[in-house]
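With the numbering used here, letter number 27 in the sequence shown gets 27, and the count goes up by one each step, no holes.
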Amino acid sequence: MPLTTIADFHFIDGTDNGDDYRKLKIRTLRKEYTIDERKIINPQVVAGLFQQLADGI
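Dropping the structure here:
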């Protein structure tokens, strides 16, 4: 997904059986995606990338 297609994104905090986690919700003009950080090999890198994008906006 090219970054230019992203219309909006935000993080959602959650808890599952005592484990804290975050999900990244990405909205494009056509669809909305939810990415669970527990499914990403290196979630800190992905979260850091989107945090830098958010800070730059």
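The beta carbon of each residue, even a glycine, is placed where N, CA and C say it ideally should be.
Discussion item. Would T15 and K25 be called neighbours here (beta carbons separated by less than 7 angstroms)?
Written reply: no
Worksheet item: So, using beta-carbon positions, are F9 and R22 closer together than 7 angstroms?
Response: no
Worksheet entry | D36 versus V46: straight-line alpha-carbon distance, rounded | 11 angstroms
Worksheet entry | Rounded C-alpha distance that separates P2 from L49 | 14 angstroms
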